[in-house]
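A.B. asks: Can you keep this structure in mind? I'll have questions shortly.
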Amino acid sequence: MRMRPPSPARALLGAALLLLPGCMTSKSSGPSASESSSAQATTAPENGWRNARVGDTVTYAFSAHQGSMERGGTPRELKGRVTLAVVAVQRPWVWLQLSFRDEAGQALPQTRLAQDVVLPVRADETHPIEVSPLGEPSAERATVAQRTWEGLRYVKDDRPVDGNLVSRLYTKEPGPLYLTRGLLQAATESAGFRVPGGLTLDLVEFKAGEGSASGAVPSLERPLGPGTWYDRRVDLEPMPTLQRVCFGAERGYLLRTERPIDTQAAPCTDLAEAEAEPLEEVLMGLAWEALTAGDWPPPSVASGTPGTFSVEGHEVPTIGVQRTMSEEGTQRVYSETVAADPWSPQLSGLAREARFQALAEGTERVGPGGKREPEGGVRLVRWGTWLEGAK
């Protein structure tokens, strides 16, 4: 559940993410237990995440492209490499670092991908995660990253109904690729009436860690999300609520819940009903978002003014804007405030998702005499870490 008043930037991003399957859903597009018992067996705790070692790494080349939304416009393109690496192991948690680089190994200029992020992933399973594959797989032998693999390819073609062509190639035995459930290649292409575009991931390198070193647990200063939570006030009819967003991760899946705050319970104690997304789909989503949403600040606040957003002792430098619009004779004022720098130290510990959305936004109806009446809005009110022992 995402209770967010719409904004031009978010509307664009929402449309863009329609390209990607499985985003924020309880189902994934990879192998299922009924279709690939061998794949499930090798991702069992004793062979996959529970044997994680510092230095285990997978690197993929990614390429994203999108046609122009305007006639005669310039198409967009983004290429680079994305790496997931185990940097610490503290049972039952495996700590990963996620980084994006350009093809030369340098930092990307896109603000959304400019900083490495950290995510702890639980090596065991606290509840079953439902898996729904794209369809019947076909066996395929593929040479990828200088190694020949026995794989299973899943293809779903919805182009005849204005959908996407989606293809995923997984190994039958994930082995050293357990971090992404054995993904070798992934591709999604749009078709029909949508803006043409697509995204590919191709495995280029994998490494196995050596030794038994546990590594130093990294700080959750810049978390992807797992291990953290954030609260926001949602002012919508029939009454305002405080919503808590919780993030977790288990054995290759990012977990997310959003629900009203339970004041009688500790934060994020129950992720059983969480939406689940495979890590490999998260990687694709981040690259696609960076391409389609554009750089920072978003266009909706490009002409805004500097300011400061105060929240729980944090003074966050911001850019804010107000827009007045008339709809069917009614005048409304839309306000939006975003972080001037989403990676600001003042946002330390905040999940990546919340950094790149409005810190506050709302709508006011202009009544007689110019009096403004609030109609709805959302405001970040606090955040924190629920994972015991996290820094």
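The sequence shown lines up with residues -26 to -1, 1 to 365 when you count with mature numbering (1 follows the signal peptide of the UniProt record, and there is no 0).
Virtual Cβ for every residue (Gly too), placed ideally from N, Cα, C.
Given the structure is predicted, the values throughout are model-derived calculations rather than measurements.
1) Just reading off the alpha helix (DSSP H) that Trp123 is part of, what are its end residues?
2) Please classify Met258: is it buried, with 16 or more other beta-carbons within 10 angstroms of its beta-carbon, or exposed?
3) For Thr154, tell me which candidate among Pro272, Val60, Arg207, Ala267 has the shortest Cα-Cα distance.
4) Could you tell me which residues DSSP puts in a beta bridge with residue 426?
5) Quick one: grab the DSSP three-state call for Thr85.
6) Assuming Val307 and Val275 form a contact by the criterion Cβ under 8 Å, report the distance between their Cβ atoms to the nearest whole angstrom.
7) Here's the rule: buried if 16 or more other CB atoms are within 10 angstroms of the residue's CB, otherwise exposed. What is Met(-24)?
8) What does the alpha-carbon distance come out to for the pair Val290 and Leu321?
9) Give a yes or no on contact between the region 175 to 187 and the region 24 to 39, applying the rule of three or more CB pairs nearer than 8 Å.
10) Report the rounded CA-to-CA distance for Thr292 versus Ala264, giving the unit in angstroms.
11) Which stretch, first to last residue, makes up the alpha helix (DSSP H) that contains Gly259?
12) Since Ala248 sits in a beta bridge, which residues does DSSP pair it with?
13) Taking the alpha carbon of Arg363 as the reference point, which residue from Leu194, Thr174, Trp203 has its own alpha carbon closest?
14) In the DSSP assignment, the beta strand (DSSP E) including Ala35 goes from what residue to what residue?
15) Identify the continuous beta strand (DSSP E) that holds Ala223 and give its terminal residues.
16) Below 8 Å on the Cβ atoms is my contact criterion, and I expect Ala261 with Leu173 to pass it. Report the Cβ-Cβ distance as a whole number of Å.
17) So Gly287 packs on Thr202, CB below 8 Å; how close in whole Å?
18) When the Cα atoms are used, what is the spatial distance from Arg196 to Asp90?
19) Opposite Arg59 in the DSSP bridges: which residues?
20) Please say whether Ala165 and Leu139 have beta carbons closer to each other than 8 Å?
21) Tell me the rounded alpha-carbon separation between residue 389 and Leu245.
22) Rounded to whole angstroms, what is the Cα-Cα separation between Glu247 and Leu361?
23) Could you name the residues of the same chain whose beta carbon sits closer than 7 Å to that of Pro234, not counting the 5 residues immediately before and after it, in chain order?
24) Given this structure, state the Cα-to-Cα distance separating Ser309 from Glu224, to the nearest angstrom.
25) DSSP three-state label for residue 412, please.
26) Between Ser318 and the rest of its own chain, which residues show a CB-CB distance below 7 Å, the 5 nearest in sequence each way excluded?
27) DSSP puts Asp176 in a beta bridge; with which residues?
28) Using only the alpha-carbon positions, how far apart do Asp198 and Ala161 sit?
29) Candidates Gly336, Pro49, Gly351: which alpha carbon is nearest Val169's?
30) How many Å lie between Gly171 and Gly47 at the Cα?
31) Considering only residues of the same chain and omitting the five flanking positions on each side of Ser73, which have a CB-CB separation below 6 Å?
32) So the candidates are Gly351, Ala26, Lys365, Gly22; which of them puts its Cα closest to the Cα of Ser188?
C.D. replies: According to the structure data:
1) Mapped onto the sequence shown, residue 123 falls at position 149. Careful: Trp123 lies outside any alpha helix (DSSP H), inside the beta strand (DSSP E) at 121 to 131.
2) As a first step, residue 258 must be located in the sequence shown, where it is residue number 284. Met258 should be labelled buried.
3) Along the sequence shown, one-based indexing puts residue 154 at 180. Of the candidates Pro272, Val60, Arg207, Ala267, the one whose C-alpha sits nearest the C-alpha of Thr154 is Val60.
4) The question about residue 426 has no answer, for the chain in this structure spans -26 to 365.
5) Along the sequence shown, one-based indexing puts residue 85 at 111. Correct three-state label for Thr85: helix.
6) If you number the sequence shown from 1, residue 307 lands on position 333. If you number the sequence shown from 1, residue 275 lands on position 301. Contact doesn't hold; Cβ gap of about 15 Å is too wide.
7) On the sequence shown, residue -24 is found 3 positions in, with the first residue counted as 1. With a pLDDT of only 28 at Met(-24), under the threshold of 50, the placement of this residue in the model should not be trusted; the figure read from the coordinates follows. Counting Cβ neighbours within 10 Å, Met(-24) comes out exposed, since fewer than 16 surround it.
8) Position 316 of the sequence shown, counting from 1, holds the residue named residue 290. Position 347 of the sequence shown, counting from 1, holds the residue named residue 321. If I take the Cα positions, the gap works out to 7 Å.
9) yes
10) Here residue 292 refers to the residue found at position 318 of the sequence shown. Here residue 264 refers to the residue found at position 290 of the sequence shown. Using only the alpha carbons, I get a separation of about 20 Å.
11) Along the sequence shown, one-based indexing puts residue 259 at 285. Segment 253 to 266, the alpha helix (DSSP H) holding Gly259.
12) Residue numbering aside, residue 248 sits at position 274 when the sequence shown is read from its first letter. None; Ala248 has no bridge partner.
13) By 1-based counting over the sequence shown, the position of residue 363 is 389. The question names Arg, yet the displayed sequence has Gly at residue 363. The option with the nearest alpha carbon to Gly363 is Leu194.
14) By one-based count along the sequence shown, residue 35 stands at place 61. Segment 31 to 40, the beta strand (DSSP E) holding Ala35.
15) The residue you call residue 223 lines up with position 249 of the sequence shown. Run containing Ala223: 215 to 224, per the beta strand (DSSP E) assignment.
16) Within the sequence shown, numbered from 1, the residue matching residue 261 stands at position 287. Within the sequence shown, numbered from 1, the residue matching residue 173 stands at position 199. The Cβ separation is near 6 Å, so the contact holds.
17) Numbered from its first residue, the sequence shown carries residue 287 at position 313. Numbered from its first residue, the sequence shown carries residue 202 at position 228. Actually they are not in contact, since the Cβ atoms of Gly287 and Thr202 sit about 17 Å apart, beyond 8 Å.
18) What you label residue 196 is simply residue 222 of the sequence shown in a count that begins at 1. What you label residue 90 is simply residue 116 of the sequence shown in a count that begins at 1. Each residue's Cα considered, the two are about 8 Å apart.
19) In the sequence shown, counting from the first residue as 1, residue 59 sits at position 85. According to the sequence shown, residue 59 is Ala rather than Arg. Ala59 is bridged to Thr31, Gln71.
20) In the sequence shown, residue 139 corresponds to position 165, counting from 1. In the sequence shown, residue 165 corresponds to position 191, counting from 1. Yes.
21) With the chain running from -26 to 365 in the structure shown, residue 389 is simply not present.
22) If you number the sequence shown from 1, residue 247 lands on position 273. If you number the sequence shown from 1, residue 361 lands on position 387. Going by the C-alpha atoms only, they are around 18 Å apart.
23) Looking up residue 234 in the sequence shown gives position 260. Excluding sequence neighbours, Pro234 sits near Thr215, Leu216, Gln217.
24) On the sequence shown, position 335 is the one that residue 309 refers to. On the sequence shown, position 250 is the one that residue 224 refers to. Answer to the nearest angstrom: the Cα atoms are 38 Å apart.
25) Here the chain comprises residues numbered -26 to 365, so residue 412 is not present and cannot be evaluated.
26) Translated into the one-based positions of the sequence shown, residue 318 becomes position 344. Contacts found: Val290, Pro291.
27) On the sequence shown, residue 176 is found 202 positions in, with the first residue counted as 1. DSSP output for Asp176 lists Ala35, Gln159 as bridge partner(s).
28) Here residue 198 refers to the residue found at position 224 of the sequence shown. Here residue 161 refers to the residue found at position 187 of the sequence shown. In the sequence under discussion, the amino acid at residue 198 is Leu, which differs from the Asp named in the question. C-alpha separation (whole angstroms): 23 Å.
29) As a working mapping, residue 169 is identified with position 195 in the sequence shown. Out of Gly336, Pro49, Gly351, Pro49 has the C-alpha closest to the C-alpha of Val169.
30) Locating residue 171 in the sequence shown gives position 197, where the first residue counts as 1. Locating residue 47 in the sequence shown gives position 73, where the first residue counts as 1. Going by the C-alpha atoms only, they are around 14 Å apart.
31) Start at 1 with the first residue of the sequence shown, and residue 73 comes out as number 99. So the qualifying residues of the chain are Thr57, Asp90.
32) Your numbering for residue 188 matches position 214 in the sequence shown. Cα-wise, what sits closest to Ser188 is Ala26.
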